[in-house]
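Trainee: Quick one: this structure, given as C-alpha cells, is what I'll be asking you about.
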Amino acid sequence: MSEHKKWLDTVIPQIIGNIEPHMEDVCYELIRDDHRLLTNIFFVCVKYRQRTNGLIKQLSLVIKKPRGITLRDVVYTIPQFRNEILFYKTYCQSSENFPRCFYAYESSSLLACNSVIALENVQDRGFKDSPCTFNVPHDYVLAVMRALGRFHAKGYVMKEKMRTEFFHLASRFQKIKFIEFKLVKAILKESAIQVVNYLRDHGHDAHFCDKLEVLFSKMYEETMLRLFEPAEPLSTICHGDLTLDNMFFKTQSNGRVDAMLIDFACLTYNRPVIDLSTFLCLSCTNETIRNKLPEILRIYHSALTDYMLQEGVQDIQQYSYAAILDDYKRGCLIGFIIAAFYLPCMLRHVNFDLTLDIELSVYKYMSCKNSSVHKNSVMKILTDLLLQMHEDGCLDHFL
1 MSEHKKWLDT VIPQIIGNIE PHMEDVCYEL IRDDHRLLTN IFFVCVKYRQ RTNGLIKQLS
61 LVIKKPRGIT LRDVVYTIPQ FRNEILFYKT YCQSSENFPR CFYAYESSSL LACNSVIALE
121 NVQDRGFKDS PCTFNVPHDY VLAVMRALGR FHAKGYVMKE KMRTEFFHLA SRFQKIKFIE
181 FKLVKAILKE SAIQVVNYLR DHGHDAHFCD KLEVLFSKMY EETMLRLFEP AEPLSTICHG
241 DLTLDNMFFK TQSNGRVDAM LIDFACLTYN RPVIDLSTFL CLSCTNETIR NKLPEILRIY
301 HSALTDYMLQ EGVQDIQQYS YAAILDDYKR GCLIGFIIAA FYLPCMLRHV NFDLTLDIEL
361 SVYKYMSCKN SSVHKNSVMK ILTDLLLQMH EDGCLDHFL
C-alpha cells in the first residue's frame with residue numbers, strides 16, 4: 001500500500017465526519033492525482049451511508065496536502081498552506097464564486113505533511129480547465145478580468161469599511177519562502193539576462209541592452225523587492241499566483257464564459273498589477289497585449305467598480321481607470337520577470353522533476369529550460385513582450 005493511500009485512508013473519514021457527523025460505511029475511489037512542485041492533489045469520489053436514514057451519499061472532493069521530500073521542502077510549503085486555510089476560514093464567503101471548503105486542518109508541528117485542505121470538485125458544476133495553455137481565447141481573458149476585478153474589489157471594500165480588521169488579516173499572510181531561496185533569486189536573474197543576450201544576438205540597440213543588463217543584474221535586491229512593495233491607495237488582497245493552472249472556466253447557456261479563481265496559497269497584500277501582469281504575460285500573446293490591453297483593463301476596472309458600488313462604497317475616485325492603467329505601466333515588469341522563468345512550464349515544454357526535492361527540482365528545470373528545443377520560440381515571445389513594454393513606456397522609471 002502506498003504512503004498516499006495510507007494517508008487517504010486516515011484522512012477521508014475525518015473529512016466526511018466534519019461534513020456529516022452521523023455516517024458509516026465510508027468508502028472512496030481515487031479518480032486521479034496531480035503532484036505539483038509544492039502540493040500533492042487527490043481527486044476522489046467518496047460514498048457513505050447516513051446513519052439516521054440509511055441514505056447513500058456521494059461527494060466529489062479535491063484533497064490537497066503539502067509535498068515534502070525533505071525538511072527543507074516542508075519549510076517552503078508551510079506558508080502556502082497557512083495562507084489558503086486562512087483564506088477559506090476567515091475571508092471567503094460560501095455565497096461567493098469560489099470552491100466550497102469542507103475541511104481544513106493545519107498541523108501545529110513541522111510535520112506539515114499532516115496539513116490538509118478538502119474542497120468541492122467544481123468540475124461537477126460544469127467548470128473546466130482552460131482550453132489551452134497559452135494564447136487563450138479573448139472571451140476567456142475577459143472572464144478572468146471580471147473575476148479578478150471582483151476579487152480585488154472584495155479587498156477594497158473590506159479595506160474601506162473594516163480598515164482595522166482588513167490590515168490585521170493582511171498582516172497574517174505568510175511570505176512564500178520559496179521566492180527567497182537563493183537559487184530562485186539567481187535563476188530569476190539568469191532568466192531575464194538570457195532575454196537581454198537574445199536581444200544582443202539579434203542586433204538590438206547596444207545601449208538599451210546595456211541598461212537592461214544593469215537592471216536585471218540587481219534583479220532581486222532592487223527590481224523584485226521594489227515591484228513587490230505595496231503602494232497606497234491601490235494595494236489590496238491579491239491572488240499572488242494568477243496562472244491558468246489556478247482557475248477554471250464555465251460557458252453559460254447564453255454563451256458567456258465565466259472564470260473561477262482557485263488556489264490561494266500565495267495571497268499577498270499588494271498592488272493589482274501583480275496579478276494583472278502575471279496573468280497577461282503568461283497567458284496572452286504580445287499581439288493581444290498590444291492591441292487589446294485598454295479593453296482588457298477596462299473590463300477589469302468595470303467589474304471592480306461595479307462590485308464596490310454594489311457593496312455601498314461610493315467614493316471610488318482613487319480607483320479610477322487612469323490609476324489602474326498607471327499602476328499597470330509602473331509594475332508590469334514583474335509579469336515579464338515571472339514569464340522569463342515560468343513560461344516554458346506553462347507552454348508544457350519543460351516541467352519539474354517531482355522525484356527530487358524542491359531545490360533540486362528547480363535546478364534541473366532550469367537546466368532543461370536552457371537546453372530545450374523550444375528555447376528560441378520562447379525567447380521570441382519574451383523579447384517581443386519586453387520590447388512592447390519599452391515602447392509603451394513601462395520601463396521608463398527603471399532605465
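Residues 1 to 399 (full-length UniProt numbering) make up the sequence shown, in order.
The beta carbon of each residue, even a glycine, is placed where N, CA and C say it ideally should be.
#1: Using a Cβ-Cβ cut-off of 7 Å (strictly less than) and excluding sequence neighbours within five positions of T383, which residues of its own chain qualify?
#2: Between E20 and the rest of its own chain, which residues show a CB-CB distance below 8 Å, the 5 nearest in sequence each way excluded?
#3: Looking at C41: is its Cβ nearer than 8 Å to the Cβ of E84?
#4: Please state the DSSP three-state secondary structure of L119.
#5: Using C-beta distances below 8 Å, list every residue in its chain close to T52, excluding the 5 sequence neighbours before and after it, in chain order.
#6: Bridge partners for I63 per DSSP, in chain order?
#7: Thinking C-alpha only, which one of C281, Y321, N114 and H4 is nearest G149?
#8: So, is R163 buried or exposed, given that buried needs 16 or more other C-beta atoms within 10 angstroms?
#9: Can you round the beta-carbon distance between Y307 and A153 to whole angstroms, since I take them to be within the 8 Å contact cut?
#10: Spell out the partners DSSP gives Q50 in its beta bridges.
#11: Just tell me which of I337, N114, L304 and N97 has its CA closest to the CA of F249.
#12: Can you tell me which residues form a DSSP beta bridge with N270?
#13: Report yes if the CB atom of P79 is closer than 8 Å to the CB atom of Q14, and no otherwise.
#14: Here's the rule I'm using: 16 or more other beta-carbon atoms within 10 Å means buried, otherwise exposed. How should N291 be labelled?
#15: Below 8 Å on the Cβ atoms is my guess for K189 versus F208; work out the distance and round it to an integer in Å.
#16: Using 8 Å as the threshold, is the C-beta distance between Q218 and L399 below it?
#17: Are there 16 or more other CB atoms within 10 angstroms of the CB of K161, so buried, or fewer, so exposed?
#18: Apart from the five residues on each side of it in sequence, which residues of its chain come closer than 6 Å, Cβ to Cβ, to F352?
#19: Go through its chain and collect everything with a Cβ distance to E29's Cβ below 6 Å, but skip five positions before and after it.
#20: How about the region 329-339 and the region 266-284: do they share at least three Cβ pairs that are nearer than 8 Å?
#21: Could you name each continuous alpha helix (DSSP H) segment of 4 residues or more that falls completely within the region 202-263, going from the start of the chain to the end?
#22: Could you tell me the alpha carbon to alpha carbon distance between E213 and A339, rounded to whole angstroms?
#23: Is the region 218-231 touching the region 254-264, taking contact as three or more C-beta pairs under 8 Å?
#24: Tell whether a beta-carbon distance below 8 Å holds between L86 and R172.
#25: Taking only beta-carbon atoms, is N40 less than 8 Å away from chain C?
#26: Are the beta-carbon atoms belonging to L347 and T10 less than 8 Å from one another?
#27: Using 8 Å for Cβ pairs, my map puts L142 next to I299. What's the rounded Cβ distance?
#28: Ends of the alpha helix (DSSP H) at Y140?
#29: Could you tell me the distance, in whole angstroms, from the CA atom of E24 to the CA atom of D129?
#30: With 16 other CB atoms within 10 Å as the buried threshold, where does M1 fall?
#31: Apart from the five residues on each side of it in sequence, which residues of its chain come closer than 7 Å, Cβ to Cβ, to S115?
#32: Among V157, D263, V62 and D241, which one has its Cα closest to the Cα of S283?
#33: Terminal residues of the continuous alpha helix (DSSP H) containing A303?
#34: To the nearest angstrom, how far is it from the Cα of P99 to the Cα of D201?
#35: Looking only at its chain, what residues have a beta carbon closer than 6 Å to the beta carbon of G126, apart from the 5 residues adjacent to it on each side?
#36: Tell me whether C394 counts as near the ligand PLP, meaning its Cβ is closer than 7 Å to at least one heavy atom of that ligand.
Mentor: Result, derived from the coordinates:
#1: Numbered from its first residue, the sequence shown carries residue 383 at position 383. For T383, where only same-chain residues beyond five positions count, the Cβ hits under 7 Å are V195, Y198 and L199.
#2: Residue mapping note: residue 20 aligns to position 20 of the sequence shown, counting from 1. Hits under 8 Å: Y48, Q50 and K57.
#3: Here residue 41 corresponds to residue number 41 of the sequence shown, with the count starting at 1. Here residue 84 corresponds to residue number 84 of the sequence shown, with the count starting at 1. The sequence shown places Ile at residue 41, rather than the Cys named in the question. Not closer than 8 Å, so no.
#4: Here the question's residue 119 lines up with position 119 in the sequence shown. In this structure, DSSP gives L119 an extended state, which the three-state scheme calls strand.
#5: Here residue 52 refers to the residue found at position 52 when the sequence shown is read from its first residue. Scanning its chain for C-beta atoms nearer than 8 Å, with the 5 sequence neighbours on each side dropped, one finds around T52 the residues H22, in chain order.
#6: Your numbering for residue 63 matches position 63 in the sequence shown. Note: I63 sits in a beta bridge opposite F42 and A118.
#7: Locating residue 149 in the sequence shown gives position 149, where the first residue counts as 1. In terms of CA proximity to G149, Y321 leads the group C281, Y321, N114 and H4.
#8: Taking the sequence shown and counting its residues from 1, one reaches residue 163 at position 163. Exposed, by the Cβ-count rule.
#9: Residue 307 sits at position 307 when you count from the first residue of the sequence shown. Residue 153 sits at position 153 when you count from the first residue of the sequence shown. At roughly 4 Å, the Cβ-Cβ gap stays under 8 Å, so Y307 and A153 are in contact.
#10: For the purposes of this step, residue 50 is taken as the residue at position 50 of the sequence shown. Partner(s): M23.
#11: As a first step, residue 249 is located in the sequence shown; it is residue number 249 there, counting from the start. For the residues I337, N114, L304 and N97, the minimum Cα distance to F249 belongs to N97.
#12: In the sequence shown, the residue the question calls residue 270 occupies position 270. DSSP links N270 through a beta bridge to T236.
#13: The residue labelled residue 79 in the question sits at position 79 within the sequence shown. The residue labelled residue 14 in the question sits at position 14 within the sequence shown. No. Outside cutoff.
#14: Indexing the sequence shown from 1 puts residue 291 at position 291. So N291 counts as exposed.
#15: Taking the first residue of the sequence shown as position 1, residue 189 is located at position 189. Taking the first residue of the sequence shown as position 1, residue 208 is located at position 208. The Cβ separation is near 18 Å, so there is no contact.
#16: Here residue 218 refers to the residue found at position 218 when the sequence shown is read from its first residue. Here residue 399 refers to the residue found at position 399 when the sequence shown is read from its first residue. Position check: residue 218 holds Lys in this sequence, whereas Gln was assumed. No, they are not a contact pair.
#17: Residue 161 sits at position 161 when you count from the first residue of the sequence shown. Exposed, because fewer than 16 other Cβ atoms sit within 10 Å of the Cβ of K161.
#18: Locating residue 352 in the sequence shown gives position 352, counting from the first residue. Only L37, S361 and Y365 meet the Cβ criterion.
#19: Reading the sequence shown from its first residue, position 29 is the one you call residue 29. Excluding sequence neighbours, E29 sits near C45.
#20: Short answer: they touch.
#21: Taking only runs of at least 4 residues, the alpha helix (DSSP H) segments lying wholly in the region 202-263 are 206-217.
#22: Stepping through the sequence shown from its first residue, residue 213 is reached at position 213. Stepping through the sequence shown from its first residue, residue 339 is reached at position 339. Roughly 17 Å between the two C-alpha positions.
#23: Contact fails between the region 218-231 and the region 254-264, because fewer than three Cβ pairs, one in each stretch, are under 8 Å apart.
#24: In the sequence shown, residue 86 corresponds to position 86, counting from 1. In the sequence shown, residue 172 corresponds to position 172, counting from 1. Yes, the Cβ-Cβ distance between L86 and R172 is below 8 Å.
#25: Reference to chain C is not applicable here, since this structure consists of a single protein chain.
#26: Mapped onto the sequence shown, residue 347 falls at position 347. Mapped onto the sequence shown, residue 10 falls at position 10. Contact: no.
#27: Working through the sequence shown from its first residue, we reach residue 142 at position 142. Working through the sequence shown from its first residue, we reach residue 299 at position 299. Cβ-Cβ separation between L142 and I299: approximately 5 Å, consistent with a contact (criterion under 8 Å).
#28: Counting from one through the sequence shown, the residue named residue 140 turns up at place 140. Segment H138 to K161, the alpha helix (DSSP H) holding Y140.
#29: As a first step, residue 24 is located in the sequence shown; it is residue number 24 there, counting from the start. As a first step, residue 129 is located in the sequence shown; it is residue number 129 there, counting from the start. Linking E24 to D129 through their CA atoms gives a straight-line distance of about 34 Å.
#30: As a first step, residue 1 must be located in the sequence shown, where it is residue number 1. Because M1 carries a pLDDT of 49, less than 50, the predicted location of this residue cannot be relied on, and the following value inherits that uncertainty. M1 sits exposed, since fewer than 16 C-beta atoms from the chains shown fall within 10 Å of its C-beta.
#31: Here residue 115 corresponds to residue number 115 of the sequence shown, with the count starting at 1. These residues qualify, in order along the chain: K65, P66, F81, Y105, E106 and S107.
#32: Stepping through the sequence shown from its first residue, residue 283 is reached at position 283. Among V157, D263, V62 and D241, the Cα nearest to that of S283 is on D241.
#33: On the sequence shown, residue 303 is found 303 positions in, with the first residue counted as 1. Taken as a continuous stretch (DSSP letters only), the alpha helix (DSSP H) holding A303 covers N286 to Q310.
#34: Here residue 99 corresponds to residue number 99 of the sequence shown, with the count starting at 1. Here residue 201 corresponds to residue number 201 of the sequence shown, with the count starting at 1. Taking the Cα positions, P99 is about 47 Å away from D201.
#35: Within the sequence shown, numbered from 1, the residue matching residue 126 stands at position 126. By the criterion of a C-beta distance shorter than 6 Å, G126 is surrounded in its chain by K250, once the five residues flanking it on both sides are discounted.
#36: Among the components of this structure there are no ligands whatsoever, and the ligand PLP is therefore not found.
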